[in-house]
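K.L.:
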Amino acid sequence: MNEKLWRVGTTYIPVTNVDQSADWYVEKLGAELGFIDKDKAIVNLADQSIFLVKAAENQSLNFIDSYGNERFSLTFEVNGLEALKKLHYDFVQKGIKAGEIEDRGHAGRNFVFEDIDGNMFDVWSELSIAFKEKHFKKA
Numbered sequence: 001m002n003e004k005l006w007r008v009g010t011t012y013i014p015v016t017n018v019d020q021s022a023d024w025y026v027e028k029l030g031a032e033l034g035f036i037d038k039d040k041a042i043v044n045l046a047d048q049s050i051f052l053v054k055a056a057e058n059q060s061l062n063f064i065d066s067y068g069n070e071r072f073s074l075t076f077e078v079n080g081l082e083a084l085k086k087l088h089y090d091f092v093q094k095g096i097k098a099g100e101i102e103d104r105g106h107a108g109r110n111f112v113f114e115d116i117d118g119n120m121f122d123v124w125s126e127l128s129i130a131f132k133e134k135h136f137k138k139a
């Protein structure tokens, strides 16, 4: 078999109120609303389609690691530490629940933020090399 997976095209995020969540993602994160009905909204964010799907109460993307810590399942990337600091500042100013910028002992820095349903997301200050090569080609 010579076929391979090329990219993640869609992520599904559980939400309690589709309309409120869609508004939050558009207003707070700058997502573009592509579609909405009573059961789901499709927003475009970070070059990906994200489905905000009406789910049962207390559902989230988060999981508990082997040490009992609640963890995020998605990491967004920004282009450098200054971009990370600016984004963190903007999130705090917009009232987004955002943790402190952390040094986790690897390249770059990170912070975690939450949407209105408590879904946790990570932001990392380093773009992958392949992404940089593709999108930031030297002229």
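Note that UniProt numbering numbers the sequence shown so that position 59 is 59, with each residue one more than the last. C-beta atoms are modelled at their ideal positions from N, C-alpha and C, and glycine is treated no differently.
1) For Tyr89, count neighbouring Cβ atoms within 10 angstroms of its own Cβ and tell me buried if that reaches 16, exposed if not.
2) Report the three-state DSSP secondary structure of Lys97 (helix, strand or coil).
3) Classify Ile13: buried if its beta carbon has 16 or more other beta carbons within 10 angstroms, exposed otherwise.
4) What are the complete beta strand (DSSP E) segments, minimum 3 residues, inside the UniProt domain "VOC" (7-126)?
5) Beta carbon of Glu102, beta carbon of Phe91: below 8 angstroms?
6) Can you name, in chain order, every residue of its own chain whose Cβ lies under 6 angstroms from the Cβ of Leu74, other than the five neighbours on each side?
7) Let me know the secondary structure DSSP gives Glu133 once reduced to three states.
8) Does the distance from the C-beta atom of Ile42 to that of Gly34 stay below 8 angstroms?
9) Given a cut-off of 8 angstroms on the beta-carbon distance, is the pair Ser60 and Asp19 in contact?
10) Once you ignore the five residues that flank Asn2 on each side, which residues in its own chain have a CB closer than 7 angstroms to its CB?
11) Could you tell me whether the Cβ atoms of Ser21 and Leu81 are closer together than 8 angstroms?
12) Regarding Gly68 and the ligand NAP, is the C-beta to nearest heavy atom distance less than 7 angstroms?
13) Classify Ala56 as buried or exposed, calling it buried when 16 or more other Cβ atoms lie within 10 Å of its own Cβ.
14) Roughly how many whole angstroms lie between the Cα atoms of Val53 and Lys40?
P.N.:
Result, derived from the coordinates:
1) exposed
2) Correct three-state label for Lys97: coil.
3) buried
4) 10-15, 32-36, 40-45, 48-54, 75-77, 110-114, 120-124
5) no
6) Phe121
7) helix
8) It is a contact, given that the beta carbons lie within the stated cut-off.
9) no
10) none
11) no
12) This structure lacks the ligand NAP, and indeed carries no ligand of any kind.
13) The residue is exposed, with fewer than 16 neighbouring Cβ atoms inside 10 Å.
14) 4 angstroms
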